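Residue numbers (this note's numbering): -18 to 335.
Structure (structure tokens):
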């Protein structure tokens, strides 16, 4: 266990996958009835899944996506093309089944959960909504830290609790999405401060800003970073510049890895949360499958930070966990071929001559 007293947190330990099974898995993949390496990157994905699940016949059960929602005080500074009230409106759209993530999870058979960690506007009670509300949105980090340590810890714990609940229900593969107007601004500041990359490399169009809007956004975020020059520790960076939904994803990533789940990493904001989680415990990265490379500025650099190669490159920049849901069929296919495909020896097929 890792203790963070200031944040009232005790985070679950994450063990790296057992390297002893790697050679067995590779031999099993190489013995499938196909030319060596002919399934390309699907073979590397199958190897990773086998490492995570600890064997050559991995079963991926009850795949799920959790969408965490929260508002950001920095939205009031004019960094987004959309007003803050859109966060609550989109959460209602999720609950009514009308968003892209609803369509994709329905199509591909993933369980979907929506969690209110800190939406500014009160939301009506709904069977489809989990209430983990910490506060009515964060503060404007241009002026002060977005969250207190206690609030940050509460949001992280919310993510941990939700993942452990899904583990109890049988989930061993999971993805995380988010909804929160201005959260690309929060993610850009988190990324810049933790990686040392210039803000320009981390800040993009978000919900669709024009060139003037991007310039204004970068100027505002530069002021915010200058306002907090000495904040460098991962949890302090998260508390200062992050959001409730980002903090919840940090906890969710750590809990999922500790539970030996296959983790479907979504886009830019989810990857910024993963950056914080990986600075807390680098072993989380062993469990991560990078679903896609977002069109949002900075995401490819974040993936490079993890040493990750995305499965898809579709110019997505929606969030919600949509990239994770779209990548799921590839992940399921990789596990299935490792589990079910015949071997040369078992099928009586002559292998390539030595």
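Don't be surprised by glycine CBs; every beta carbon is placed ideally from N, CA and C. Owing to the predicted nature of the structure, the values given are computational and were not obtained by experimental measurement.
The Cβ atoms of residue 168 and residue 250 lie closer than 9 Å to each other.
Judged by DSSP secondary structure, residue 242 falls outside any beta strand (DSSP E); it is assigned neither H nor E. Within the same chain, and ignoring the five residues on either side of residue 161 in sequence, the residues whose Cβ sits closer than 7 Å to its Cβ are 50, 51, 52, 53, 68, 224, 226.
When C-alpha distances from residue 0 are compared across -9, 23, 28, the shortest belongs to 28.
Assignment of residue 134 by DSSP, reduced to helix, strand and coil, places it in the helix class.
Burial state of residue 333 is exposed, judged by a 10 Å Cβ sphere holding fewer than 16 other Cβ atoms. Residue 79 and residue 157 have their C-alpha atoms some 18 Å from each other.
For a cut-off of 8 Å, the C-beta gap from residue 136 to residue 115 is around 5 Å, short enough to register as a contact. Every alpha helix (DSSP H) of 4 residues or more that sits fully in the segment 55 to 124 is shown, in chain order, as 66 to 76, 81 to 89.
As a beta-bridge residue in DSSP terms, residue -8 pairs with -17. Residue 298 is positioned such that its CB atom lies no closer than 9 Å to that of residue 267.
Under the three-state reduction of DSSP output, residue 297 falls in the coil class, being neither helix nor strand. Contact between the segment 253 to 269 and the segment -9 to 0 is present: three or more C-beta pairs spanning the two stretches fall below 8 Å. Look at residue 267 here: in three-state DSSP terms it is helix. Taking residue 329 as reference, the option from 8, 13, -18, 2 with the minimal CA-CA separation is 13.
In the assembly as shown, residue 174 is a buried residue. Its beta-carbon has 16 or more other beta-carbons within 10 Å. Beta-bridge analysis with DSSP links residue 273 to 293. C-alpha of residue 99 to C-alpha of residue 122: approximately 16 Å in a straight line. Two segments are said to touch when three or more pairs of C-beta atoms, one from each, lie closer than 8 Å; by this definition the segment 239 to 256 touches the segment 272 to 291.
Taking 9 Å as the cut-off, the beta carbon of residue 320 is found no closer than this to the beta carbon of residue 151. Burial of residue 220 is indicated by the presence of at least 16 other C-beta atoms within 10 angstroms of its C-beta.
Here the segment 80 to 95 makes no contact with the segment 192 to 205; the two share fewer than three CB pairs at distances below 8 Å.
As DSSP reads the structure, residue 155 sits in a beta bridge with 45, 244. Secondary structure of residue 160 (DSSP, three-state): strand. Put simply, the backbone Cα of residue -15 is about 50 Å away from that of residue 15.
Counting of Cβ neighbours within 10 angstroms places residue 289 among the buried residues, the total reaching 16 or more. Between residue 32 and the set 313, 314, 242, 259, the nearest pair of CA atoms involves 242. It is roughly 15 Å from the alpha-carbon of residue 30 to the alpha-carbon of residue 322.
Excluding residues up to 5 positions away in sequence, nothing lies with its Cβ nearer than 6 Å to the Cβ of residue 3 in the same chain. Approximately 6 Å separates the beta-carbon atoms of residue 61 and residue 188; this is inside 8 Å, confirming the contact.
With respect to the C-alpha of residue 75, the residue from 94, 240, 130 having the closest C-alpha is 94. Under the three-state reduction of DSSP output, residue 35 falls in the coil class, being neither helix nor strand.
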